[in-house]
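Residue numbers (this note's numbering): 129 to 524.
Note that the Cβ used here is the ideal one computed from N, Cα and C, for glycine as well.
One structure is given below, encoded as structure tokens.
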């Protein structure tokens with residue numbers, strides 16, 4: 129019983145080890161995948177935020193308007209010595225421009241006017257704005273008329289009685305807010321950027337609680353969608369960035385996998401081999417095998433072979449050549465005058481592969497010994513001497 133349970137326990141242990149390795153591998157792959165997805169998500173959010181910050185201009189800009197006027201005229205009554213004038217800067221933090229090139233803006237002034245008898249009897253008055261660039265040069269100006277809203281005496285009495293508690297507690301005041309639109313479609317000039325404006329109220333009989341300059345961007349096209357549908361635009365932008373980055377990462381991973389399975393070295397070697405074979409001359413390869421003869425030498429010719437068949441059919445060709453030469457040994461004497469011609473025709477064009485086969489034939493020792501060469505000059509080869517000839521490539 130114990131002997132039969134031993135292999136089963138070993139098998140169970142192997143299976144458990146394999147399962148643990150697979151689970152660990154799966155958990156590791158899942159963790160890496162989640163990390164990559166989170167990284168891509170954060171990068172997508174960062175890219176969309178950077179695009180939104182650089183593409184979208186300042187939506188609304190509000191600046192207080194502080195009017196100034198002269199007081200040295202000593203005129204009696206409520207009249208002022210000069211028109212109220214204010215200088216407003218269009219630079220945030222004294223360096224960042226509020227207006228963006230090519231973006232239309234709506235510029236208006238809000239005036240808080242008390243319902244005093246002076247303002248009620250004032251009637252219409254003019255509000256003038258003059259935009260200037262560096263150096264104080266005026267590049268644009270506009271003038272608009274305004275007045276306090278009319279309210280009858282009965283309506284004023286009813287309003288005072290109804291909101292008397294709020295008026296007495298200070299939570300409400302008897303005043304009106306008059307908004308004067310100065311520019312409905314103001315465009316910034318890229319060559320002469322606006323850095324400020326001078327606002328003037330052309331009346332000397334006016335009471336003002338306060339004033340504000342409002343600049344609101346009028347969006348069209350893509351900016352309109354980004355401003356009026358921020359959530360939808362953010363979802364679409366982040367999703368598109370995430371998909372684009374995921375495709376890039378996937379292609380990079382597949383390129384890495386394919387580069388591991390099919391390395392580039394083998395591919396380059398194959399291409400270079402094909403290019404080299406294309407440049408070789410397409411000629412028949414002829415081999416010459418010299419067999420020593422009794423009284424004469426004869427160079428037998430082997431049938432032409434293609435360069436690619438030299439290595440594979442080398443043994444077969446040599447055996448066939450040897451058989452033919454043995455059959456022709458009886459006809460050696462017939463080649464007295466034709467031997468010189470055969471020796472001359474042996475120097476034909478050969479392929480690079482035939483040059484390689486030259487290594488199979490040993491080089492005679494006479495080539496390395498100059499004395500033997502000198503001694504052998506002018507002597508005819510003996511019948512038992514073996515003549516070996518090297519194949520040479522001709523330029524033709």
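Contact between residue 333 and residue 207 holds, with the beta-carbon distance rounding to 5 Å and staying under 8 Å. The criterion of a C-beta distance shorter than 8 Å is not satisfied by residue 324 and residue 256.
Within the DSSP secondary-structure output, residue 314 pairs in a beta bridge with 233.
Its chain contains 193, 194, 195 and 327 as the residues whose beta carbon lies nearer than 6 Å to that of residue 214, once the 5 sequence neighbours on both sides are disregarded; these appear in chain order. In this structure, residue 385 lies away from residue 235, with their beta-carbon atoms at least 8 Å apart. In this structure, 348 is the residue among 292, 348, 365 and 254 with its C-alpha nearest to the C-alpha of residue 185.
The C-beta distance from residue 377 to residue 156 rounds to 18 Å, too long to meet the 8 Å contact threshold.
Around the C-beta of residue 233, 16 or more other C-beta atoms lie within 10 Å, and the residue is accordingly described as buried.
Selection 380, 351, 241 and 310 evaluated against residue 337 yields 241 as nearest (Cα-Cα).
Per the C-alpha coordinates, the member of 272, 322 and 367 positioned closest to residue 219 is 322. In the DSSP assignment, residue 353 falls outside any beta strand (DSSP E) and lies within the alpha helix (DSSP H) extending over 350 to 356. By the neighbour-count criterion, in which a residue is buried when 16 or more other Cβ atoms sit within 10 angstroms of its Cβ, residue 278 is exposed. Taking the C-beta atoms as reference points, residue 310 is found nearer than 8 Å to residue 272. Where residue 247 is concerned, the enclosing alpha helix (DSSP H) starts and stops at 245 to 248. Comparing C-alpha distances from residue 284 to each of 221, 250, 230 and 245 shows the shortest one belongs to 245.
With fewer than 16 other CB atoms across the displayed protein chains lying within 10 angstroms of its CB, residue 149 is exposed.
Per the coordinates, the alpha-carbon of residue 370 lies some 43 Å from the alpha-carbon of residue 340. Under the three-state reduction of DSSP, residue 152 is assigned to helix.
The shortest C-alpha to C-alpha distance from residue 179 to any of 387, 230 and 362 is the one to 362. Around the Cβ of residue 212, a 10 Å sphere holds 16 or more other Cβ atoms; the residue is buried.
Under DSSP, residue 188 shares a beta bridge with 344. Its chain contains 256, 257, 258 and 259 as the residues whose beta carbon lies nearer than 8 Å to that of residue 269, once the 5 sequence neighbours on both sides are disregarded; these appear in chain order. Residue pairing for residue 215: DSSP places it in a beta bridge opposite 326. Residue 176 counts as buried, since at least 16 other C-beta atoms from the protein chains shown sit within 10 angstroms of its C-beta.
For residue 268, the enclosing beta strand (DSSP E) stretches over residues 266 to 274. Just so you know, the alpha carbons of residue 294 and residue 354 end up roughly 41 Å apart. In the three-state DSSP reduction, residue 197 falls in the coil class, being neither helix nor strand. The alpha-carbon separation between residue 289 and residue 199 amounts to approximately 37 Å. The alpha carbon of residue 313 has as its nearest neighbour, out of 345, 299 and 301, the alpha carbon of 345. Counting along the chain, no beta strand (DSSP E) covers residue 210, and no H or E run does either. Put simply, of 173, 227, 133 and 143 the residue whose alpha carbon is nearest the alpha carbon of residue 318 is 227.
Note that the C-beta distance between residue 320 and residue 261 is below 8 Å. Ranked by how close their Cα comes to the Cα of residue 174, the residues 252, 382, 356 and 367 have 367 in first place.
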